[in-house]
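Residue numbers (our numbering): 976 to 1199. From the three backbone atoms N, C-alpha and C, an ideal C-beta is built for every residue, glycine too. Predicted model, so just to flag it, every value in this text is computed and none were measured.
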């Protein structure tokens, strides 16, 4: 399928792959690391129930690194990467801010007499996750013609966010643990995609396939 753009002397194929730029592995690997840490703390591995160790990783690795990756994608003209990476960087920043005492976010939902969190906190957190779910669905639709690995990463992430939102709204710990368990799959797929870009070009003896969903012939440009 081709579309003629105005003032353009050739046909441009609409079936285009998601081509990784030099900054793509940084964005994917930092995203994967943040999701992995959120997930492993979310299932309370080794009995850990205090997630504040997330703050540093989400602020700097998941936040700063992904934002830098997004700016570099913007410079190279990749609108998808320039949108997705800063968006999830902002998610990491905002999620980390919840656990910083100075922001007063958790304090505003805490009963001063008992020190217990109000049920409103989990409802509000559920609404926050719903917003991230909507964005992820939009991003998932944007990559349906790229590669199976990238598409599955965002699709499974959408499923995880859906379960997280439901779990927070219902205050159901079983649903939350199930959602965070799915996060390990998201992290694995994102690590795979990041390593595929990092190890490509013969830099290592290992090259991971991304299973493109497009035909090589669709990338050709037909000139008049």
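Non-local C-beta neighbours of residue 1159 in its own chain, meaning closer than 6 angstroms and more than five positions away in sequence, comprise 1014, ordered along the chain. One alpha carbon belongs to residue 1173, the other to residue 1086, and they sit about 48 angstroms apart. Distance from the CA atom of residue 1161 to the CA atom of residue 1132, rounded to whole angstroms, is 6 angstroms. Excluding sequence positions up to five before and after residue 1108, its CB lies within less than 7 angstroms of the CB of 1133, 1136, 1137, 1140, all in the same chain and listed in chain order. With a cut-off of 8 angstroms on Cβ pairs, the region 1023–1034 is not in contact with the region 1046–1059, counting fewer than three such pairs. In this structure the region 1177–1188 does not touch the region 1026–1036; the number of beta carbon pairs closer than 8 angstroms is below three.
Given a length threshold of 4 residues, each whole run of the alpha helix (DSSP H) inside the region 1024–1051 is given here in chain order: 1041–1051.
Contact between the region 1117–1130 and the region 1090–1106 is absent: fewer than three C-beta pairs spanning the two stretches fall below 8 angstroms. Comparing C-alpha distances from residue 1006 to each of 1044, 1016, 1028, 1018 shows the shortest one belongs to 1044. Beta-bridge annotation (DSSP): residue 1122 is paired with 1187. When the Cα atoms are used, residue 1157 and residue 1039 turn out to be separated by approximately 25 angstroms. Within the same chain, and ignoring the five residues on either side of residue 1063 in sequence, the residues whose Cβ sits closer than 7 angstroms to its Cβ are 1006, 1041.
By the 16-neighbour rule on beta-carbons within 10 angstroms, residue 1154 is buried.
Annotation note: the region 1071–1148 contains the following uninterrupted alpha helix (DSSP H) runs of length 4 or greater, listed N- to C-terminal: 1080–1083, 1094–1117, 1123–1145. With fewer than 16 other beta carbons inside 10 angstroms of its own, residue 1095 counts as exposed. Following the DSSP letters along the chain, one finds residue 1013 inside the alpha helix (DSSP H) bounded by residues 999–1017. Between residue 1168 and residue 1113, the gap from beta carbon to beta carbon reaches 8 angstroms or more.
Its chain contains 1094, 1097 as the residues whose beta carbon lies nearer than 7 angstroms to that of residue 1146, once the 5 sequence neighbours on both sides are disregarded; these appear in chain order. Residue 1082 is not a Cβ neighbour of residue 1029, given a cutoff of 8 angstroms.
Burial state of residue 1182 is exposed, judged by a 10 Å Cβ sphere holding fewer than 16 other Cβ atoms.
Around the beta-carbon of residue 1003, 16 or more other beta-carbon atoms lie within 10 Å, marking it buried.
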